[in-house]
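For what it's worth, the working numbering labels the leading residue of the sequence shown as 331, then goes sequentially.
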Amino acid sequence: MKTKTLIAIIGTFAILVQTARAEGKTVIRFGHFPNITHAQGVIAHALTRHGKGWFEQRLGPNVEIQWFTYNAGPSAMEAIFAGSLDTTYVGPGPALNAYFKSNGEEIRVISGAANAGAALVVKADSPIKKPADFRGKKIATPQLGNTQDISCRAWLKAHGFNVTQTGGDVTVIPTANPDQLGLFQSGGVDAVWTVEPWVTRLERDAKARVFLEDKDTITTWLVSSAKFLGDRRDLAKKIADANVELTKWIQDNKEEAQKLLIDELKAETRADFAPDAVAKAWSRIQFTSEVSRDLIAKSVRDGKDAGFFKGSTDTSKLIEAP
């Protein structure tokens, strides 16, 4: 009996020690989307899953990364506002919208991640040949207010169309990326403005053709909450530096990076991505840790034209290197 009691005490003590160690760790809640344009996040998530965490190795043994995936930016920004996310890869549209809505108090860009990689596609046999042909048509975008949604609405306005959230000369229908394929194939929409790998999937699986490639645009930033940056600037700096290193590794190790990305995308979306399709999608993206102020100005103009950014659009506090 004494032996059993001693074993029970030892077991309980071990559990308490393990719990104390876990509670002693700093937890960083990290977000990304299951997109190729979020390759840094997808690959880092994969490495965490395999016990070889990229960020963990650079942040030290007392830090735990918890990964969260989102379909589009507005959801990730809501998580930051709610205090349930510390840092995330996200497009400029939702990040800027959140920044302006909080009067520049909540969001900080700590590093770049990717430019380009988005496109407007139509059916291969579509009669749509020029911008004017979109009148009366339906276009799917990933989510209301996400980067591609804003780009789409701003582009339509620039070509003289009146577009509202519920209709107008062209109807824009926010649709989650995985659901766009079926909607496009069934004729539910005439076109899709989305981001890789979904552009290439539409080309391969739905015989889509690229009408417009959105090259001169920011696609992904690494942002953090202002609170996290203020409270743990030391960790924010290590995260930003690790992102720069990871971006360089992705540039220098394309094949290995693509393999990790394909495996992780399958785990996150239950969808298979053919290596040649990923390679094609990859060629449309510029992975960079630089943040272009010229492209920020373009993103702000697009957001204002699309009706999402109202009031002051001062971005002087947006970029903050830790």
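Heads up, the beta-carbon is just placed ideally off N, CA and C, and yes, glycines get one too.
State yes or no: is the C-beta of residue i within less than 7 Å of the C-beta of residue j?
i: Asp544; j: Ala448; result: yes
i: Gln370; j: Ala443; result: yes
i: Pro527; j: Ile358; result: no
i: Ala425; j: Trp551; result: yes
i: Ala664; j: Thr524; result: With the chain running from 331 to 652 in the structure shown, residue 664 is simply not present.
i: Val420; j: Ala409; result: no
i: Leu542; j: Leu450; result: yes
i: Val372; j: Glu594; result: yes
i: Val500; j: Lys467; result: yes
i: Phe617; j: Gln581; result: yes
Nearest by alpha-carbon distance to residue i: which of the options is it?
i: Leu559; options: Thr418, Ser405 and Phe398; result: Thr418
i: Val553; options: Arg438, Asp593 and Leu511; result: Arg438
i: Ile440; options: Lys634, Ile569 and Ile615; result: Ile569
i: Pro391; options: Gly354, Ile548, His362 and Ser414; result: Gly354
i: Gln495; options: Thr471, Arg600, Leu389 and Gly518; result: Thr471
i: Leu511; options: Leu532, Thr399, Asp606 and Phe603; result: Leu532
Tell me whether residue i sits in a helix, a strand or coil according to DSSP, three-state version.
i: His375; result: helix
i: Asp602; result: coil
i: Tyr419; result: strand
i: Ile458; result: coil
i: Gln616; result: strand
i: Thr367; result: helix
i: Glu394; result: strand
i: Lys596; result: helix
i: Ile548; result: strand
Where does residue i land, buried or exposed, given buried means 16+ other C-beta within 10 angstroms?
i: Ala636; result: buried
i: Arg563; result: exposed
i: Pro404; result: buried
i: Asn583; result: exposed
i: Gly633; result: buried
i: Ala521; result: buried
i: Lys453; result: buried
i: Gly381; result: exposed
Is the closest heavy atom of the ligand ZN to the C-beta of residue i under 6 Å?
i: Val553; result: Summarising the ligand content, the structure contains no ligands, and the ligand ZN is consequently not present.
Starting from residue i, follow its DSSP beta bridges and name the residues at the other end.
i: Phe360; result: Trp397 and Thr417
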